[in-house]
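Notes follow once the structure below has been shown.
In structure tokens, the structure reads:
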């Protein structure tokens with residue numbers, strides 16, 4: 002069963018580009034890890050728990066992988082999720098979402114969205130694809146992604162992060 006394609010326009014707001022994720026109340030930056038999500042992770046990612054997207058359906062798709070963003074040393078506390086496909090010449094992001102505790106006026110951490118996009122750019126770069134990343138945006142966020150990520154709108158809500166912008170994100174989040 003294919004997921005509803007109308008859900009596949011990214012709706013994650015890039016609140017701040019940080020060098021990791023940053024605790025809102027203290028300003029403390031915390032190191033993060035991004036690893037493949039497990040079935041156990043996905044069991045708690047439900048609308049009842051205030052997640053917006055159908056991650057259980059997404060997790061079952063054979064053409065993509067769901068990854069979780071966690072604070073280093075806290076592998077069971079999800080801060081965000083991203084679903085992607087490694088294409089022959091780029092990474093395609095199907096969905097990305099901050100954990101419910103990380104959006105709204107009382108969020109715990111900022112920088113989750115930027116961290117997820119930067120990691121996708123790094124994955125593309127590490128795969129030999131020069132950091133190229135593509136995704137579909139909600140119409141109201143096209144300008145936001147242009148301004149925050151350096152993404153280029155190529156029409157019909159399709160956006161691409163080209164190598165120059167990808168390197169900016171990679172260098173911000175993944176210092177060698």
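Residue numbers (my numbering): 2 to 177. We put the CB at the ideal spot given by N, CA and C, even for glycine. In this text the structure is predicted, and so the values were computed from the model without any measurement.
Leaving aside the five residues that flank residue 85 on each side, the residues in its chain whose CB is nearer than 8 Å to its CB run, in chain order, 65, 66, 68, 92, 93, 94, 95, 121 and 124. By the Cβ criterion, the stretch 141-150 is not in contact with the stretch 100-110, since fewer than three pairs of Cβ atoms, one from each stretch, lie closer than 8 Å. Counting the other Cβ atoms within 10 Å of the Cβ of residue 75 gives fewer than 16, which makes it exposed. CA-CA distance, residue 56 to residue 81, rounds to 11 Å.
Each of 35, 87, 50 and 70 was checked against the Cα of residue 63, and the nearest Cα belongs to 87.
Of the residues assessed, residue 83 falls on the buried side of the cut-off, its CB having 16 or more other CB atoms within 10 angstroms. Residue 159 has its alpha-carbon roughly 10 Å from the corresponding atom of residue 140. When the beta-carbon positions are compared, residue 97 and residue 161 stay at least 9 Å from each other.
Scanning the stretch 32-78 from its first residue to its last, the whole beta strand (DSSP E) runs of 3-plus residues come out as 33-37 and 66-72. For residue 86, the beta-bridge partners assigned by DSSP are 93. Where residue 104 is concerned, there is no enclosing beta strand (DSSP E), because DSSP gives it neither an H nor an E.
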